[in-house]
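Chemist: Those sequence lines, one after another, are chains A and B.
The C-terminal position of the first sequence is numbered 418 in UniProt numbering, with every residue numbered one higher than the one before it.
The C-terminal position of the second sequence is numbered 418 in UniProt numbering, with every residue numbered one higher than the one before it.
Glycine included, C-beta positions come from ideal geometry on N, C-alpha and C.
Note that this is a predicted model, so its numbers are computed, not measured.
Starting off with a structure, shown below.
Number of protein chains: 2
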Amino acid sequence: MANRKVSPNLDLNNDVAERRTRGESIVHLAFGEARLPVHPALKGQLAASSGENAYGAVPGGRAVRREAAGYFSRRNLPTEPEQVVVAPGSKPLLMAVQFVVPGDLVIPKPAWNTYKPQGLLAGKQVYEVDIPAECGGVPDPVKLRETVRAARAAGGNPRLVVLTLPDNPTGTVVSPELVREICAVAEEEDLYLISDEIYRDVVHDPATPVLSPAEVLPERTIVTNGLSKTLALGGWRIGVARFPDSTWGNSVRDGVISLASEVWSTLAIPMQEVAAYAFSEPPEVRDRFARSARLHGAVARAVYRIMIGAGATCRPPTGGFYVYPDFEPKRAVLEAKGITDAQSLFRYLFDEFGIVVLAGDNLGDDAGALRFKAATSLLYGHTREEQQLALDSEDPLSLPHIRDVLTRIEEAFSKLVG
Amino acid sequence: MANRKVSPNLDLNNDVAERRTRGESIVHLAFGEARLPVHPALKGQLAASSGENAYGAVPGGRAVRREAAGYFSRRNLPTEPEQVVVAPGSKPLLMAVQFVVPGDLVIPKPAWNTYKPQGLLAGKQVYEVDIPAECGGVPDPVKLRETVRAARAAGGNPRLVVLTLPDNPTGTVVSPELVREICAVAEEEDLYLISDEIYRDVVHDPATPVLSPAEVLPERTIVTNGLSKTLALGGWRIGVARFPDSTWGNSVRDGVISLASEVWSTLAIPMQEVAAYAFSEPPEVRDRFARSARLHGAVARAVYRIMIGAGATCRPPTGGFYVYPDFEPKRAVLEAKGITDAQSLFRYLFDEFGIVVLAGDNLGDDAGALRFKAATSLLYGHTREEQQLALDSEDPLSLPHIRDVLTRIEEAFSKLVG
Numbered sequence: 001m002a003n004r005k006v007s008p009n010l011d012l013n014n015d016v017a018e019r020r021t022r023g024e025s026i027v028h029l030a031f032g033e034a035r036l037p038v039h040p041a042l043k044g045q046l047a048a049s050s051g052e053n054a055y056g057a058v059p060g061g062r063a064v065r066r067e068a069a070g071y072f073s074r075r076n077l078p079t080e081p082e083q084v085v086v087a088p089g090s091k092p093l094l095m096a097v098q099f100v101v102p103g104d105l106v107i108p109k110p111a112w113n114t115y116k117p118q119g120l121l122a123g124k125q126v127y128e129v130d131i132p133a134e135c136g137g138v139p140d141p142v143k144l145r146e147t148v149r150a151a152r153a154a155g156g157n158p159r160l161v162v163l164t165l166p167d168n169p170t171g172t173v174v175s176p177e178l179v180r181e182i183c184a185v186a187e188e189e190d191l192y193l194i195s196d197e198i199y200r201d202v203v204h205d206p207a208t209p210v211l212s213p214a215e216v217l218p219e220r221t222i223v224t225n226g227l228s229k230t231l232a233l234g235g236w237r238i239g240v241a242r243f244p245d246s247t248w249g250n251s252v253r254d255g256v257i258s259l260a261s262e263v264w265s266t267l268a269i270p271m272q273e274v275a276a277y278a279f280s281e282p283p284e285v286r287d288r289f290a291r292s293a294r295l296h297g298a299v300a301r302a303v304y305r306i307m308i309g310a311g312a313t314c315r316p317p318t319g320g321f322y323v324y325p326d327f328e329p330k331r332a333v334l335e336a337k338g339i340t341d342a343q344s345l346f347r348y349l350f351d352e353f354g355i356v357v358l359a360g361d362n363l364g365d366d367a368g369a370l371r372f373k374a375a376t377s378l379l380y381g382h383t384r385e386e387q388q389l390a391l392d393s394e395d396p397l398s399l400p401h402i403r404d405v406l407t408r409i410e411e412a413f414s415k416l417v418g
Numbered sequence: 001m002a003n004r005k006v007s008p009n010l011d012l013n014n015d016v017a018e019r020r021t022r023g024e025s026i027v028h029l030a031f032g033e034a035r036l037p038v039h040p041a042l043k044g045q046l047a048a049s050s051g052e053n054a055y056g057a058v059p060g061g062r063a064v065r066r067e068a069a070g071y072f073s074r075r076n077l078p079t080e081p082e083q084v085v086v087a088p089g090s091k092p093l094l095m096a097v098q099f100v101v102p103g104d105l106v107i108p109k110p111a112w113n114t115y116k117p118q119g120l121l122a123g124k125q126v127y128e129v130d131i132p133a134e135c136g137g138v139p140d141p142v143k144l145r146e147t148v149r150a151a152r153a154a155g156g157n158p159r160l161v162v163l164t165l166p167d168n169p170t171g172t173v174v175s176p177e178l179v180r181e182i183c184a185v186a187e188e189e190d191l192y193l194i195s196d197e198i199y200r201d202v203v204h205d206p207a208t209p210v211l212s213p214a215e216v217l218p219e220r221t222i223v224t225n226g227l228s229k230t231l232a233l234g235g236w237r238i239g240v241a242r243f244p245d246s247t248w249g250n251s252v253r254d255g256v257i258s259l260a261s262e263v264w265s266t267l268a269i270p271m272q273e274v275a276a277y278a279f280s281e282p283p284e285v286r287d288r289f290a291r292s293a294r295l296h297g298a299v300a301r302a303v304y305r306i307m308i309g310a311g312a313t314c315r316p317p318t319g320g321f322y323v324y325p326d327f328e329p330k331r332a333v334l335e336a337k338g339i340t341d342a343q344s345l346f347r348y349l350f351d352e353f354g355i356v357v358l359a360g361d362n363l364g365d366d367a368g369a370l371r372f373k374a375a376t377s378l379l380y381g382h383t384r385e386e387q388q389l390a391l392d393s394e395d396p397l398s399l400p401h402i403r404d405v406l407t408r409i410e411e412a413f414s415k416l417v418g
């Protein structure tokens, strides 16, 4: 730990800041932030809670645990308040679970770039298993079984698998069939699951079926969630975990609460009040979920079409606000421009077009693959007014400020492969 | 980590809640919360920041880092914004430093009960060194040297020492002379220091000299602080660390930022805005510091006098809001009541008088010693109005609601030793 490096993202942000200072216009797609205004009701709730300053209970107060339990229960996961722990973001909860649950970690490849460092911090081996062709956020079930058996044969102890539903970085929602297959492997191989469902309410089409592994394997699945993505509250750091109502679940929850008491105490009380309100899902919050999902879907699909149009393969986005194209079909054309891997593709897009993406290898993907993640949630405008317009529009792609940036991206990718 | 227990404090809180439900009046002195209202200016600041929802920079934004640098600079620690990192409480910062700095840990005995579990979490050996007769928060310098040398001779690697100025649990401020002695040992023995100064602005008498080890050993001392105690914002979770302006300091800071990016991302942005405002120390904040310190001092000294009156020995409180009496002089009397150690003393006070203290062994002290910590900051009243009265009074001991509870404590301790 002594010589940990500053994340490469920070260097990148410095580069971006420098070029912006020189007056360049940069299209920054490398950061998973839902760039939308705070809903006025949430602002009001925070202000109304500004007199609350007591430390409060480590796992969160009664109100927020009860409302979060209701939130989960309305999503086919019957939940008692005692199964819920809130925290300053879902990151600390994910980390605490890794410290508390013994054994090694399995994550999808590619995956959100925090699971692996957390696993290493908790002293775990981290096994990365390829995602299937149809979606991300889950390891291919056949490869999962192979990896676990091979690892055990070699003396390893894989025990905990992280799934991301809907997925960051691929922007896809895993099918219920595939969830069942993974759960079958998990049960057979005595694995436990963390289902990171922070994009749970960013499913573009309400008709898309979403099956949480906690519905299939309730005794073995911990669910994490938060308000950063669905309510655009990344900067408020509100996360939640739901532990199984089982002996194992209670023991992990108690371990997480114990660790929380030593590391972060609790979620700030005014934020707990905001969370209690949001998890109660009054009409204005449900309306906001719906508008956000519509907007995220429309813009993600537009960028998807641009990628396909430029000759990439790409899983169609169905949840979250990302696309994860693969420019392998254009390797020959790109090679002629000196682009031979994820980093040189990223660098070319940045240098030539001022477009910043996250290279696939930063997400655990093969360094040689011509893949990257683009967060399309940063395209809704630079001002609160533009963002609000985008949120309220039934056809956000028709808004000039969104059309303009999509055109710029389209032109850039057309040149890239031209 | 798999079988961590829920902290005994939680069991205690359940007991307290149960007895309160039965209508019993409990005097809870076992929790280090400054029970005072939020200053209206801070409430306004939180409300005014309710539109801020971007993730922001991991170590904190420019404004809060600049203002915190100013805060430290005004306390004889010239500081650049780059030396500052904010976080959701000082706990995560203390933990991150333990993960980033290699080597084992030395803490005072007794000490705040979070340093040791954090050290163990970070895989460290934890050495506990007796505090001197005159104050707490620091190991006795002679014993510190002995412990370090003996540990090294036995193959250990003590490298990091935590000091608490002013101290929790003893409520004392270490003298500048003693700080210099400890710093001399630290330099000689190649030790690094964490100076936990979260009670920095709760020094009862403004004339009391306070010397931070960061003034003596600037290249080797990390300072942590926060708003939980001085501005009674425990439930808002606002902490700050100041890293040395040295190669070592930069490297630890970068490691902490890297770890923060994987574990908690950043301090919630509305809380950063509150912190920027508070650290800028406008007149109303300075006035609040002064009123709080006056109140904390008056009540801590009153409880100290009760302990002395009951025959205990006790270091006179000079900072923070604790007393840490030792009933050794009354051992014979107490033994006749079945009180033979810290736990039985704690239990007797709870069962017989409904007075809850924190037994010394929970703070790393000898289990056989008749010592406990009492947080006197919980005696300012049950309502915001009572608390505000206490804060505004030039003679808080004359207020009926404070006089009453002090009388109850006095009667209890008189019976205890009677």
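1) In chain C, what lies closer than 7 Å to proline 92/B by C-beta?
2) Rounded C-beta distance between arginine 159/A and tyrosine 192/A? I'm assuming under 8 Å.
3) Helix, strand or coil, according to DSSP, for proline 88/A in the structure here?
4) Quick one: which chain A residues come within Cβ less than 8 Å of glycine 56/B?
5) Quick one: grab the DSSP three-state call for tyrosine 322/A.
6) Any beta-carbon of chain B closer than 7 Å to the one on isoleucine 26/A?
7) Could you compute how far the alpha carbon of alanine 154/B sits from the alpha carbon of aspartate 104/B?
8) Thinking C-alpha only, which one of Glu52/B, Gln45/B, Ala290/B, Glu82/B is nearest leucine 36/A?
9) Quick check: the Cα distance between threonine 224/B and arginine 408/B, rounded to an integer number of angstroms?
10) Would you say proline 88/A lies against chain B (beta-carbon separation less than 7 Å)?
11) Between which two residues does the beta strand (DSSP E) holding leucine 193/B run?
12) What are the complete beta strand (DSSP E) segments, minimum 3 residues, inside the segment 219-255 of chain A?
13) Comparing alpha-carbon positions, which option in Pro92/A, Val263/A, Ala214/A, Gly136/A lies nearest cysteine 314/A?
14) What whole-angstrom Cβ distance do isoleucine 402/A and leucine 379/A have, given they're in contact under 8 Å?
15) Whose Cβ in chain A lies nearer than 8 Å to the Cβ of glycine 51/B?
16) Out of Glu411/B, Glu197/B, Val202/B, Ala290/B, point me to the one whose CA is closest to glutamate 215/B's CA.
17) Can a CB atom of chain A be found closer than 7 Å to the CB of residue 430/B?
18) Looking at phenylalanine 289/A: is its Cβ nearer than 7 Å to the Cβ of aspartate 395/A?
19) Would you kindly report the start and end of the unbroken alpha helix (DSSP H) that includes proline 141/B?
20) In chain order, what residues of the same chain have a beta carbon less than 7 Å from the beta carbon of leucine 231/A, not counting five sequence neighbours either side?
21) Name the chain B residues that come within less than 7 Å of glutamate 33/A, Cβ to Cβ?
22) Note down the Cα distance separating leucine 94/B from valine 58/B, rounded to an integer number of angstroms.
23) Does the separation of the CB atoms of glycine 70/B and alanine 54/A fall below 7 Å?
24) Considering Cα atoms alone, identify which of Val106/B, Ser25/B, Glu82/B, Ala96/B is closest to glutamate 262/B.
25) I think arginine 66/A touches proline 88/A, with their Cβ atoms under 8 Å apart; what is that distance to the nearest whole Å?
26) If you measure from the beta carbon of alanine 232/B to each beta carbon in chain A, is any gap under 7 Å?
27) Can you list, in chain order, the stretches of the alpha helix (DSSP H) that have 4 or more residues and sit fully within the segment 39-80 of chain B?
28) Helix, strand or coil for phenylalanine 372/B? Go by DSSP, reduced to three states.
29) Between Ala150/A, Pro329/A, Gly381/A, which lies nearest to proline 400/A when the distance is taken from Cα to Cα?
30) Buried or exposed, going by whether 16 or more other CB atoms sit within 10 Å of the CB of threonine 170/B?
31) Can you say whether proline 92/A is buried or exposed, counting buried as having 16 or more other CB atoms within 10 angstroms of its CB?
32) Do you know how far the Cα of phenylalanine 413/B is from the Cα of aspartate 15/B?
33) Going straight from the alpha carbon of leucine 334/B to that of glycine 354/B, what length do you get?
34) If you compare alpha carbons, which of Gly56/A, Ala17/A, Ala332/A, Pro102/A is closest to isoleucine 252/A?
35) Nearest CA to the CA of proline 108/B: which residue from Ala133/B, Val100/B, Val86/B?
36) Do alanine 268/B and valine 64/B come within 7 Å of each other at the CB atom, strictly closer than that value?
Modeler: On the basis of the data shown:
1) The question asks about chain C, but that chain is absent: this structure's protein chains are A and B.
2) 6 Å
3) coil
4) Gly235
5) Three-state DSSP puts tyrosine 322/A in a strand.
6) no
7) When rounded, the separation of the alpha-carbon atoms in alanine 154/B and aspartate 104/B is 13 Å.
8) Glu52/B
9) 36 Å
10) yes
11) 192-196
12) 221-226, 239-242
13) Gly136/A
14) 6 Å
15) Pro37, Val38, Lys43, Arg384
16) Glu197/B
17) Not covered by the structure: residue 430/B. The range shown for chain B is 1 to 418.
18) no
19) 141-153
20) His39, Leu42, Ala278, Arg288
21) Ala54, Tyr55
22) One Cα belongs to leucine 94/B, the other to valine 58/B, and the distance between them is close to 16 Å.
23) no
24) Nearest of Val106/B, Ser25/B, Glu82/B, Ala96/B to glutamate 262/B, Cα basis: Ala96/B.
25) About 20 Å separates the two Cβ atoms, so there is no contact after all.
26) yes
27) 40-48, 62-73
28) Taken through DSSP and simplified to helix, strand or coil, phenylalanine 372/B comes out as strand.
29) Gly381/A
30) So threonine 170/B counts as buried.
31) buried
32) Across the structure, aspartate 15/B and phenylalanine 413/B are spaced so that their CA atoms are roughly 21 Å apart.
33) Straight-line measurement puts the Cα of glycine 354/B at about 17 Å from the Cα of leucine 334/B.
34) Sequence check: residue 252/A is valine here, not isoleucine. The shortest Cα separation from valine 252/A among Gly56/A, Ala17/A, Ala332/A, Pro102/A belongs to Pro102/A.
35) Ala133/B
36) no
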